[in-house]
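Note that the working numbering has the sequence shown beginning at 3, numbered continuously upward.
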Amino acid sequence: MEHQNKAITALRSMLPILLIVLAMSGIMVGVYALLGRLTGEVLLGALLGTAASLVNFVVMTFSVVRAEDAESPAKGMLQVRGTYTIRMIVLAVALAIALKTKRFDPVSTLLPLCFTRIAIFISELFRKKEAST
């Protein structure tokens, strides 16, 4: 039951970040459209990059939640490091294959991977602002 509560809490804390990433990807696609550069490759790239970014973030969050229940802090840290390595390899392989096919715009595929960090920063700014008021 406690593990389930941690998972629910993690989902709630992730939601604003996930929504910000989606919004930023939408803005990116909008900028492409305004510049007259919106193509199927751009849309596929945005979709792939956003999905990869969101899945990566969710898996990371749940691996940290699961690591909290590890027998020792060292085992928990080992679990997190292991999932990090696996996540990065899977991301690199998936993106390399996608970009080699030339069906995905490279910039619109890779930019959403940066959006998660920006979304975390924005989310933390609002969280600190709410805590201080």
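No residue lacks a Cβ here, since even glycine has one placed at the ideal position from N, Cα and C.
The structure displayed is predicted, hence computed values, not measured ones.
**Request:** Check SER74 in the structure and name its three-state DSSP category.
**Result:** coil
**Request:** Specify whether the stretch 91-104 and the stretch 11-27 touch according to this definition: at least 3 beta carbon pairs, one from each stretch, less than 8 Å apart.
**Result:** Verdict: no, contact absent.
**Request:** Would you kindly work out how many angstroms separate the C-alpha atoms of VAL57 and GLY47, rounded to a whole number?
**Result:** 15 Å
**Prompt:** Apart from the five residues just before and just after MET16, which ones in its own chain have a Cβ nearer than 6 Å to its Cβ?
**Reply:** THR63
**Prompt:** Quick one: Cα of VAL67 to Cα of THR11, how far?
**Reply:** 10 Å
**Message:** I'd like the list of long-range same chain contacts for ALA69, defined as Cβ closer than 6 Å, with 5 residues on each side in sequence excluded.
**Reply:** GLY78, GLN81, VAL82
**Classification of ALA54 by the beta-carbon crowding that lies within 10 angstroms, buried from 16 upward** = buried
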